[in-house]
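Chains A and B, in that order, are what the protein sequence lines are. Under the numbering used here, the first residue of the first sequence is numbered 5, with each subsequent residue one higher. Under the numbering used here, the first residue of the second sequence is numbered 1057, with each subsequent residue one higher. Glycine included, every Cβ here is placed at the ideal spot set by N, Cα and C.
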Amino acid sequence: ETGVTQTPRHLVMGMTNKKSLKCEQHLGHNAMYWYKQSAKKPLELMFVYSLEERVENNSVPSRFSPECPNSSHLFLHLHTLQPEDSALYLCASSQGERQGAGETQYFGPGTRLLVL
Amino acid sequence: KQEVTQIPAALSVPEGENLVLNCSFTDSAIYNLQWFRQDPGKGLTSLLLIQSSQREQTSGRLNASLDKSSGRSTLYIAASQPGDSATYLCAVTFMDSNYQLIWGAGTKLIIKP
């Protein structure tokens, strides 16, 4: 496997379920990100991890809980979600955490989440 | 509030035409601006990055320009092909955004054979 992979690619869950999204990067990068992409809206940055430490949390509801056990893996744990949380969740990685400082981000294919 | 706007939201043109996609941003104090491409079922791919000090960047049939004073960038695609069909996203790093990318909602481009 190369690049950034995400599993599952599609997920349907009820509001009372607990599920987790997984992201893995094979690029030797130090920073990883979770984004939310809703239909016809700009990408929203949710979390940033650098060297396994969380460096950014953009006022995301607590029903989303990230976990970064090592620099290659990133999880997003989901609990008691709402229908408006239905979206494409994208994972990305970059060499450093200063995402806008000219460093290219590499994106995974995303997980399409539907909350019923 | 710092915002990035892309108009139109969708564009359809015949194959072979040259076309321009537009991106506007609300604050001229930026570090850089990037253009990305997103294909259905796939993640985003970085196309071009223009630093604040630059006026344009080129890659193959793509040319991106930057005019900070007017808060605008354009992505020019020459001799369009059906394979260019995708959603094109613009993202800006504003100087007081803690290096976070601020994204436009994208322009969905369809090239008709």
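Apart from the 5 residues on each side of it in sequence, A/Arg-116 sits with its Cβ closer than 6 Å to the Cβ of His-14, Leu-92 in its chain, given in chain order. Comparing alpha-carbon positions, the option among B/Leu-1075, B/Asn-1154, B/Gly-1139, B/Ile-1086 lying closest to B/Arg-1111 turns out to be B/Ile-1086.
A/Leu-47 belongs to the set of residues whose beta carbon lies under 9 Å from a beta carbon in chain B.
Contact holds between the region 75-95 of chain A and the region 19-26 of chain A, because three or more Cβ pairs, one in each stretch, are under 8 Å apart.
Proximity to B/Ser-1102 across A/Gln-109, A/Gly-114, A/Val-119 peaks at A/Gln-109, based on C-alpha coordinates. The region 1151-1163 of chain B and the region 1078-1098 of chain B touch, with no fewer than 3 CB-CB distances between them shorter than 8 Å. Only those residues of the region 1097-1108 of chain B whose C-beta falls short of 8 Å from the nearest C-beta of chain A are listed: Gly-1097, Lys-1098, Gly-1099, Leu-1100, Thr-1101, Ser-1102, Leu-1105, Gln-1107. Judged by DSSP in its simplified three-state form, B/Pro-1070 adopts strand. Within the same chain, and ignoring the five residues on either side of A/Ser-76 in sequence, the residues whose Cβ sits closer than 8 Å to its Cβ are Glu-28, Gln-29, His-30. Per DSSP, A/Leu-120 lies in no beta strand (DSSP E) segment and is marked neither H nor E. Counting every other CB atom within 10 Å of its CB across the protein chains shown gives B/Gln-1107 a total below 16, marking it as exposed.
Secondary structure of B/Pro-1138 (DSSP, three-state): helix. Flagged as an interface residue toward chain B: A/Gln-109, by a C-beta distance shorter than 9 Å.
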